[in-house]
Amino acid sequence: MTLSVLHVGLESLTVRVGGLNTYCTNLVEALRGNGVDATATWVGGEESYGHSLAQGSLWRRNLDVARVVRSSEADLVDVHFAAHAVVAVATGSLRHRPMVLHFQGPWADESRWTGGSFLVSVIKRRLERFVLRRAESVVVLSHAFAQVAIATYGVRPERVSVVPPGVHLQSETARNEARRQLGITPDAQLIVAVRRLVARMGLETLIRAMVQLPLAQLVIVGEGPERGALASLIETLELSDRVRLVGLVSEAERNNWMSAATLTVVPSLAHEGFGLVVLESLAAGTPVVVSDVDGLVEVADMSPFVTSFTAGDVDGLVSRVARVLDEQEVHSEVVRQSIAGLSWSAVARFFVQHYELMLTRIEDPRGVVVLDHTAKLSGGELAIARTAEAIASRGQFIPHVVLFEHGPFERELRSRRLTYEVFPMNKRTQSRRRENIWSGLVISMWDSSIFAARLARLLRLRGATLVHTNSLKAFVLGTVASMGHPWRLVAHVRDLWSPPYLSASTARALRTLLALRSDAVIANSHTTAQAASADAYVIHSPVDGAFFGVPAPNPQQDLRVGVIGRIAAWKGQDLMLEALALLTGVPVSVTFVGGALFDELAFEERLREQSQPFGAQVRFLGAVDDVPSVVGDFDVTVLTSRSPEPFGNVVTESMAAGRVVVVPRQGGVLDFIVDGENGLFYEPNDAHSLAETLRRIGGGEIDRVMLGNNARVTAARYGAPRMAASVEFVYESVLE
Numbered sequence: 001m002t003l004s005v006l007h008v009g010l011e012s013l014t015v016r017v018g019g020l021n022t023y024c025t026n027l028v029e030a031l032r033g034n035g036v037d038a039t040a041t042w043v044g045g046e047e048s049y050g051h052s053l054a055q056g057s058l059w060r061r062n063l064d065v066a067r068v069v070r071s072s073e074a075d076l077v078d079v080h081f082a083a084h085a086v087v088a089v090a091t092g093s094l095r096h097r098p099m100v101l102h103f104q105g106p107w108a109d110e111s112r113w114t115g116g117s118f119l120v121s122v123i124k125r126r127l128e129r130f131v132l133r134r135a136e137s138v139v140v141l142s143h144a145f146a147q148v149a150i151a152t153y154g155v156r157p158e159r160v161s162v163v164p165p166g167v168h169l170q171s172e173t174a175r176n177e178a179r180r181q182l183g184i185t186p187d188a189q190l191i192v193a194v195r196r197l198v199a200r201m202g203l204e205t206l207i208r209a210m211v212q213l214p215l216a217q218l219v220i221v222g223e224g225p226e227r228g229a230l231a232s233l234i235e236t237l238e239l240s241d242r243v244r245l246v247g248l249v250s251e252a253e254r255n256n257w258m259s260a261a262t263l264t265v266v267p268s269l270a271h272e273g274f275g276l277v278v279l280e281s282l283a284a285g286t287p288v289v290v291s292d293v294d295g296l297v298e299v300a301d302m303s304p305f306v307t308s309f310t311a312g313d314v315d316g317l318v319s320r321v322a323r324v325l326d327e328q329e330v331h332s333e334v335v336r337q338s339i340a341g342l343s344w345s346a347v348a349r350f351f352v353q354h355y356e357l358m359l360t361r362i363e364d365p366r367g368v369v370v371l372d373h374t375a376k377l378s379g380g381e382l383a384i385a386r387t388a389e390a391i392a393s394r395g396q397f398i399p400h401v402v403l404f405e406h407g408p409f410e411r412e413l414r415s416r417r418l419t420y421e422v423f424p425m426n427k428r429t430q431s432r433r434r435e436n437i438w439s440g441l442v443i444s445m446w447d448s449s450i451f452a453a454r455l456a457r458l459l460r461l462r463g464a465t466l467v468h469t470n471s472l473k474a475f476v477l478g479t480v481a482s483m484g485h486p487w488r489l490v491a492h493v494r495d496l497w498s499p500p501y502l503s504a505s506t507a508r509a510l511r512t513l514l515a516l517r518s519d520a521v522i523a524n525s526h527t528t529a530q531a532a533s534a535d536a537y538v539i540h541s542p543v544d545g546a547f548f549g550v551p552a553p554n555p556q557q558d559l560r561v562g563v564i565g566r567i568a569a570w571k572g573q574d575l576m577l578e579a580l581a582l583l584t585g586v587p588v589s590v591t592f593v594g595g596a597l598f599d600e601l602a603f604e605e606r607l608r609e610q611s612q613p614f615g616a617q618v619r620f621l622g623a624v625d626d627v628p629s630v631v632g633d634f635d636v637t638v639l640t641s642r643s644p645e646p647f648g649n650v651v652t653e654s655m656a657a658g659r660v661v662v663v664p665r666q667g668g669v670l671d672f673i674v675d676g677e678n679g680l681f682y683e684p685n686d687a688h689s690l691a692e693t694l695r696r697i698g699g700g701e702i703d704r705v706m707l708g709n710n711a712r713v714t715a716a717r718y719g720a721p722r723m724a725a726s727v728e729f730v731y732e733s734v735l736e
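Residue numbers for the sequence shown follow the UniProt record's numbering, beginning at 1 and rising by one.
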């Protein structure tokens, strides 16, 4: 039976070329190309699959849409412009069919940027919210607008899906041919902006930047209410000979302008859900400079040919544009291939599966709110990201992450298509460390109580039924926030609640808090569980699958040793140098991977001084993004921690890469290392023991291939899908 979907759009492309209209048209046509009976209703148009709406008032269009929806035999309805579906939703025209809603921007806020009154914007927001909160699924193009849908419109996080748009990758007109057709000289420095002429598009910033770019020409393609003001600005700045407003053009001419450009610019000031024009420019083989607004930040991560500047910063824009103009021109095909994976066909295949899931699932997925106080990329954060992604893919639970600060972890969450929001914590509370937890206790309790009360309100607004705390500080604040509320609380313990990591009194206080409110406890190792709760479920941290793809090491003359992890005194990198000093006559090199936080910079400096006598034998790589590739350059990974590691993510990752791992005989690694079978032990804090173990490896006494192969087998037990299933079991147990 053919899947049938009715799309409720805004306008046909024959009426106006814009982001929403282009997206809706491309999706409908891509779905039809994938065998879906996809039709659309929108203003104007003569498409064979379209139901044309009259260009009347919003009320008249709503009545027309309700009539089309009611009479349609489509299996489900996909709404692209919420305001067109108000009457259809209110009058039951959907006839109990599922509704998917594409949220491409806050209509109410956009109207304020175009001069609309406050009262009108309030009415528009209420209409949008009415439709959004009744959709079974809300699709957004970026995480920035996922946060708007959740925080501003009250959409339940588990109903939100982030799905970037597609782009047509067919060959575009060659740059020189496009320039010939448009009357542009072959050697011109041509900047093009394809934008609606409204204030939020930031075109004033771009025009002012042209004063400092005397050799460049600017062409602005588009129309809107700001045309007069922009034309006056161009005249005032005496740029009429180099800056042109060409107005609305055909789709073919619009594409020619992007192909002809040396670069395009998207200087938006606000409300940029994704920036489809960025992908269109890249598809034309042209690099792009974008502002750091909303979804543009995310699209900038998708291609190396997109660079960003601070929105509204004229000097910053000039710097980025000048850099692109000065660089050697990249072949257009190379630019196109940077987004080769973002085809409309792939997007259509996703939606076919999404629609079928909407039609066949028996019950809605349940939401889980994950709390984490930090947005730094630490082991616990990477572990929960991998687990949450695997949980979401299973479809029974959908995690939504709440962070208490901004940071690099946000990018990791975005890359895994996980929704999240940042709920900022008081800096005084955020900076309080476990070492001084009892000093300033009254102020600390006051700050924490206020934050916990605000957090409780947020959890109520998100409709929380299950809360999962992922860090020590998140556990404390999340537990206090949960007092007296009905949602279930799962505490994930990733630290050792015992000296020397925590004082005995602090550990007792945490265990008391755990017993007061938590419905279940997850520990990342038996060592962690023993220190926190005898009833804890032991679920190990998942291994990133990329490590299994690292090739086996090639034998080298030198034994290549890697020490991976944040540089800190308790991580014991200095122990490695002490052992290295004992390995006289053994050809060995050591590479430290990881950086130091602010309060550990002094230790890093001492470490570097300690390494100087070894010269080129010791390297410091700092923090790296592609850890699997770095591990591929090692024969051995050494864990040097002075205190017991709760688990040891870098150990299981190196094992997945087939490397020999050398670890201290303590902590969480005791759960999975069998000495001489899949790894090697040395005595904790004993440089002689570590040096002797490395000497045996370098001298050929150890079968490295056997250890590496067995290590891979062990690491395979810690795949994200298996760990996710175990976490889901805990969720199910507390919700029964």
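We put the CB at the ideal spot given by N, CA and C, even for glycine.
Presumed contact (8 Å Cβ cut-off) between THR310 and ASP292, rounded CB distance: 6 Å
Runs of alpha helix (DSSP H) wholly within the stretch 500 to 562 (minimum 4 residues, chain order): 504 to 517 and 526 to 532
Identity of the residues DSSP links to PHE592 by a beta bridge: VAL563 and PHE620
Coil, strand or helix - GLY272 by DSSP: Note that residue 272 is Glu in the sequence shown, not Gly. If DSSP states are grouped into helix, strand and coil, GLU272 belongs with coil.
Whole-Å CB distance - ALA656 paired with VAL543, under 8 Å assumed: 5 Å
Endpoints, beta strand (DSSP E) assigned at LEU377: No beta strand (DSSP E) holds LEU377; DSSP gives it neither H nor E.
Euclidean distance between Cα positions of TRP487 and THR360: 28 Å
Rounded Cβ spacing between ILE567 and LEU607 (contact assumed at less than 8 Å): 7 Å
9 Å Cβ cutoff met for GLU73 and GLY44: no
Beta strand (DSSP E) segment containing GLU298, residue limits: From DSSP, GLU298 is part of no beta strand (DSSP E) but of the alpha helix (DSSP H) over 295 to 300.
GLY33 - DSSP class collapsed to helix/strand/coil: helix
Sequence-distant residues of the same chain with beta carbon closer than 6 Å to ALA146, five excluded per side: VAL140, VAL160, VAL162 and THR419
Euclidean distance between Cα positions of ILE702 and ARG454: 57 Å
Three-state secondary structure assigned by DSSP to PRO646: coil
Limits of the beta strand (DSSP E) - the one that GLN610 falls within: Segment 601 to 611 is the alpha helix (DSSP H) holding GLN610; no beta strand (DSSP E) there.
Spatial neighbours of VAL422 in its chain, beta-carbon cut-off 6 Å, leaving aside the 5 residues before and after: LEU403 and HIS406
For ILE697, the three-state DSSP class (helix, strand or coil): helix
Counterpart residues of PRO399 in DSSP-defined beta bridges: VAL368
Alpha-carbon spacing of SER137 relative to ALA569, whole angstroms: 48 Å
Under 9 Å between C-beta atoms of GLU381 and ASN256: no
Identity of the residues DSSP links to GLU11 by a beta bridge: VAL43
Sufficient close CB pairs (3 or more, under 8 Å) joining the stretch 496 to 507 to the stretch 476 to 483: no
Any 3 or more C-beta pairs closer than 8 Å across the stretch 689 to 696 and the stretch 574 to 590: yes
MET483, DSSP secondary structure in three states: coil
CB of residue 785 within 9 Å of CB of GLY312, strictly: One cannot answer for residue 785 here, as it falls past the ends of the chain, which runs 1 to 736.
Cβ contact check for the stretch 522 to 541 and the stretch 600 to 617: 3 or more pairs under 8 Å: no
Contacting residues, own chain, Cβ-Cβ under 7 Å from LEU583 (five flanking each side not counted): ALA691, LEU694 and ARG695
With 16 other Cβ atoms within 10 Å as the buried cut-off, status of THR512: exposed
Those residues which DSSP pairs with ASP313 across a bridge: According to DSSP, ASP313 bridges with nothing at all.
Simplified DSSP state of VAL194, which is helix, strand or coil: strand
Residue(s) in a DSSP beta bridge with GLU280: Looking at the DSSP assignment, GLU280 forms no beta bridge with any residue, so it has no partner.
Cβ-based burial, ASP635 [other Cβ within 10 Å; buried from 16]: buried
Cβ distance (whole Å) where SER121 is taken to contact ALA108 below 8 Å: 4 Å
Three-state secondary structure (DSSP) of MET99: strand
As assigned by DSSP and simplified to three states, the class of GLU363: coil
Environment of ARG95 [buried if 16+ CB atoms lie within 10 Å]: exposed
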